[in-house]
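Taken in sequence, the protein lines are chains B and A.
108 is the number of the first residue of the first sequence in this note's numbering; add one for each residue after it.
503 is the number of the first residue of the second sequence in this note's numbering; add one for each residue after it.
Note that CB positions come from ideal geometry on N, CA and C, so glycine has one too.
Treat the numbers as computed from the prediction; the structure is a model and nothing was measured.
The structure under discussion appears below in the form of structure tokens.
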Amino acid sequence: EITKEQRALIKAILDAYNRHQIPQDVTKKLLQEQYSAEENFLLLTEVATSQVQVLVEFTKNIPGFLSLDREDQIALLKGSAVEAMFLRSAQVLSKKMPSGYTEVLEERIRKSGMSEEFMTPMFNFYKSIGELHMTQDEQALLTTITILTPDRPYVKSHEAVERLQETMLDVLRKLCVLQHPQEPQYFARLLGRLTELRTLHHYHVEMLTSWKTN
Amino acid sequence: PGNSIGLEAIIRKALMGKYDD
């Protein structure tokens with residue numbers, strides 16, 4: 108059973124998640140079909156920057172986050188930004204969109220200059236998130252859990268972060284049981300996506316390193 | 503944003519609430 112406090116926690120996180128989305132003028136630009144390679148790169152950079160800003164605004168509203176050590180807050184955001192962005196992008200791409208939109212977005216990503224060996228696991232991840240048909244509150248909580256991962260580099264108060272993450276895991280577990288009574292493995296499947304995210308993060312670091320050396 | 507310095511700068515700025523400068 109979900110307690111009253113847990114309900115309030117879910118509501119606070121969900122409200123923050125819904126309130127902080129990438130601005131529409133940015134997403135609109137993504138759907139324009141004519142663009143050069145340079146414009147594409149600049150726009151994807153703008154979107155990524157916007158995603159980080161949105162992520163920070165969302166995170167500030169996660170109950171308990173601002174009570175963590177200031178430098179730990181930065182370490183957590185720095186360590187999770189890429190994973191949170193993959194998660195948010197996966198959710199955007201798995202939404203039902205007017206016909207042709209998904210293709211335009213995919214085309215942009217494919218023309219971004221990243222290597223095929225990175226793109227394949229990324230699109231596979233997007234697909235596997237889409238197959239889960241997560242509700243908005245589950246998405247918000249899974250993102251929260253990703254952000255509150257205690258073993259990111261430079262996190263000092265490991266235990267304080269872990270306590271906060273445990274609170275969120277407990278809520279998500281209960282929510283999964285309630286919302287997916289026919290799928291006892293649903294919570295485990297969600298956690299499995301976090302492992303996939305870690306792998307993508309690892310590929311991403313490798314890709315950036317190869318970009319820099321080239 | 504994979505560039506750690508750029509990423510950290512965006513995060514610090516956003517944490518302090520300064521979006522537009």
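(request) Alpha carbon to alpha carbon, how far is Lys515 of chain A from Arg236 of chain B? Give it in angstroms, no decimals. (result) The sequence as given places Ile at residue 236 of chain B; Arg does not occur at that position. Each residue's Cα considered, the two are about 31 Å apart.
(request) Work out the CA separation of Leu200 of chain B and Asn231 of chain B for me, nearest whole Å. (result) Between Asn231 of chain B and Leu200 of chain B, the alpha-carbon positions lie close to 12 Å from each other.
(message) Please tell me whether Arg248 of chain B and Met275 of chain B are closer than 8 Å, where the distance is taken between their beta carbons.
(response) Checking the displayed sequence, the identity of residue 248 of chain B turns out to be Leu instead of Arg. Closer than 8 Å, so yes.
(request) Taking Pro288 of chain B as part of the alpha helix (DSSP H), name the residues at either end of that continuous run. (result) Where Pro288 of chain B is concerned, there is no enclosing alpha helix (DSSP H), given that its DSSP letter is neither H nor E.
(request) For Gly519 of chain A, count neighbouring C-beta atoms within 10 Å of its own C-beta (all shown protein chains included) and say buried if the count is 16 or more, exposed if not. (result) Exposed, because fewer than 16 other Cβ atoms sit within 10 Å of the Cβ of Gly519 of chain A.
(message) Buried or exposed, going by whether 16 or more other CB atoms sit within 10 Å of the CB of Tyr124 of chain B?
(response) Here Tyr124 of chain B is buried: its Cβ has 16 or more other Cβ atoms, across all protein chains shown, within 10 Å.
(message) Within 8 Å of any Cβ in chain A, is that where the Cβ of Ile181 of chain B sits?
(response) Against chain A, the CB of Ile181 of chain B has a partner CB under 8 Å away; the residue lies at that interface.
(message) So within the segment 182-254 of chain B, which uninterrupted alpha helix (DSSP H) runs reach at least 4 residues, ignoring any that extend past its ends?
(response) Note on the segment 182-254 of chain B: whole alpha helix (DSSP H) runs with a minimum of 4 residues are 208-217, 223-237 and 243-254, in chain order.
(message) Between B:Met221, B:Gln113 and B:Pro260, which has its C-alpha nearest Leu151 of chain B's C-alpha?
(response) For Leu151 of chain B, the closest of B:Met221, B:Gln113 and B:Pro260 by C-alpha to C-alpha distance is B:Met221.
(request) Under 8 Å Cβ to Cβ from Ser264 of chain B, same chain only, skipping five residues before and after it: list those, please. (result) Excluding sequence neighbours, Ser264 of chain B sits near Leu175, Asp176 and Asp179.
(message) Is Asp523 of chain A close to chain B? Criterion is C-beta to C-beta, closer than 8 Å.
(response) In this predicted model, Asp523 of chain A has a pLDDT of only 41, less than 50, meaning its place in the structure is not dependable enough to derive any value.
(request) Keeping to the same chain, check which residues put their C-beta closer than 8 Å to that of Glu266 of chain B; ignore five residues upstream and five downstream. (result) Counting only Cβ-Cβ distances below 8 Å, and skipping sequence neighbours, we find Pro257.
(message) Assuming Glu164 of chain B is part of the alpha helix (DSSP H), what are its boundary residues?
(response) Judged by DSSP secondary structure, Glu164 of chain B falls within the alpha helix (DSSP H) whose first and last residues are Ala144 to Lys167.
(request) Within the same chain, show all residues whose beta-carbon is closer than 7 Å to that of Leu212 of chain B, passing over the 5 residues directly before and after it, in chain order. (result) Closer than 7 Å at the Cβ level, and outside the excluded window around Leu212 of chain B, lie Leu137 and Leu200.
(request) Could you tell me the distance, in whole angstroms, from the CA atom of Pro503 of chain A to the CA atom of Val189 of chain B? (result) Interpretation of Pro503 of chain A is limited by its pLDDT of 42, a score under 50 that renders its predicted location unreliable; no figure is taken from the coordinates.
(message) DSSP three-state label for Tyr261 of chain B, please.
(response) Secondary structure of Tyr261 of chain B (DSSP, three-state): coil.
(message) For Glu313 of chain B and Ile513 of chain A, I'd like the C-alpha separation in whole angstroms.
(response) In this structure, the straight-line span from the alpha carbon of Glu313 of chain B to that of Ile513 of chain A is close to 22 Å.
(message) Less than 8 Å between CB atoms is the rule here; does Val268 of chain B satisfy it with respect to chain A?
(response) So no, Val268 of chain B is outside the interface.
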